[in-house]
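As given, the protein sequences belong to chains R and V, one line each in that order.
So that you can map any letter, position 47 of the first sequence is 47 in the numbering used here, and since no number is skipped, the others follow by simple counting.
So that you can map any letter, position 99 of the second sequence is 1099 in the numbering used here, and since no number is skipped, the others follow by simple counting.
Even glycine gets a Cβ: it sits at the ideal position worked out from N, Cα and C.
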Amino acid sequence: DSGVTQTPKHLITATGQRVTLRCSPRSGDLSVYWYQQSLDQGLQFLIQYYNGEERAKGNILERFSAQQFPDLHSELNLSSLELGDSALYFCASSPSDQRRNEQFFGPGTRLTVL
Amino acid sequence: AQSVAQPEDQVNVAEGNPLTVKCTYSVSGNPYLFWYVQYPNRGLQFLLKYITGDNLVKGSYGFEAEFNKSQTSFHLKKPSALVSDSALYFCAVRDMVSRDDKIIFGKGTRLHILP
Chain R
1 DSGVTQTPKH
11 LITATGQRVT
21 LRCSPRSGDL
31 SVYWYQQSLD
41 QGLQFLIQYY
51 NGEERAKGNI
61 LERFSAQQFP
71 DLHSELNLSS
81 LELGDSALYF
91 CASSPSDQRR
101 NEQFFGPGTR
111 LTVL
Chain V
1001 AQSVAQPEDQ
1011 VNVAEGNPLT
1021 VKCTYSVSGN
1031 PYLFWYVQYP
1041 NRGLQFLLKY
1051 ITGDNLVKGS
1061 YGFEAEFNKS
1071 QTSFHLKKPS
1081 ALVSDSALYF
1091 CAVRDMVSRD
1101 DKIIFGKGTR
1111 LHILP
């Protein structure tokens, strides 16, 4: 158990809908990362937050947004969902914003868009 | 642009034999390099990382990796494979100082250890 929690575990929704994925980092970790894992694209870095502020940005679509709250939990919002958004979404955390830090991954949220 | 290549989708090794999972990278500056393992229906777990210093890095579960700057490689190795090592392995790179800070993962290599 990494200490990172994600809810829900599974999410099934329809195209055009909007969903919110939630992540609680390990106790004391200030950085939160979001990833998308799909069969065709592999593991894609979406975005990093550090202590409430956006720190690094990857291949995140404009339909997707994230934020980190004062209690350090984070939410990833996915809107206008398409079939291709079906994937496993991981959250990870690390103690600081230092690039040398390894990350601790949550168990993921499996999103199915029908 | 940063990139990571894991040239083998799958590696099969007999139990007890040495294993190698290959990774090459490209960054504009100096890299931080990481290996992670993913077991079925689980999140990724950190194995080891290269920051600076000794080119041979030792990590969890008896794994090690060798940083080779001239070949831009960071291959994962283990002297004697166990069936329980069967999993999906990811190499990742992050540029130390680039303003365009992204974390790039390879596509993963599935390791099968045959009993």
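Taking 8 Å as the Cβ-Cβ cut-off, the stretch 1100-1111 of chain V approaches chain R at Asp1101, Lys1102, Ile1103, Ile1104, Phe1105, Gly1106, Lys1107 and Gly1108, given in chain order. Around the beta carbon of Gly106 (chain R), 16 or more other beta carbons sit within 10 angstroms, so the residue counts as buried.
Cβ contact annotation for Thr1020 (chain V) (same chain, cutoff 6 Å, sequence separation greater than five): His1075 and Lys1077, in chain order. For a Cβ distance threshold of 8 Å, nothing in chain R lies close to Leu1082 (chain V): the least Cβ distance comes to about 22 Å. Classified as buried, Phe1046 (chain V) has 16 or more neighbouring CB atoms from the shown chains inside 10 Å of its CB.
In the structure shown, Ser80 (chain R) adopts coil according to DSSP, grouped into three states.
Considered as a whole, the stretch 1026-1110 of chain V harbours 1031-1038, 1044-1050, 1056-1058, 1064-1068, 1073-1078, 1087-1095 and 1103-1105 as its complete beta strand (DSSP E) runs of no fewer than 3 residues, in chain order. Ranked by Cα distance from His10 (chain R), the first of R:Ser86, R:Phe104, R:Arg100 and R:Asn101 is R:Ser86.
Listed along the chain, the chain V residues whose CB falls inside 7 Å of the CB of Ser2 (chain R) are Gly1043. Taking a contact to require three or more Cβ pairs closer than 8 Å, the stretch 59-75 of chain R and the stretch 1024-1038 of chain V do not qualify as touching. Put simply, the backbone Cα of Arg55 (chain R) is about 5 Å away from that of Tyr49 (chain R).
By the criterion of a C-beta distance shorter than 6 Å, Leu88 (chain R) is surrounded in its chain by Gln37, Gly108 and Arg110, once the five residues flanking it on both sides are discounted. Taking a Cβ-Cβ threshold of 8 Å, the residues of chain R close to Lys1049 (chain V) are Arg100 and Glu102, in chain order. Nearest Cα to Asn1055 (chain V) within the set V:Asn1041, V:Leu1033 and V:Gly1043: V:Leu1033.
At a Cβ-Cβ threshold of 9 Å, Asp1101 (chain V) and Arg100 (chain R) do not count as neighbours.
In terms of Cβ geometry, Asn77 (chain R) and Val19 (chain R) form a close pair [threshold 9 Å].
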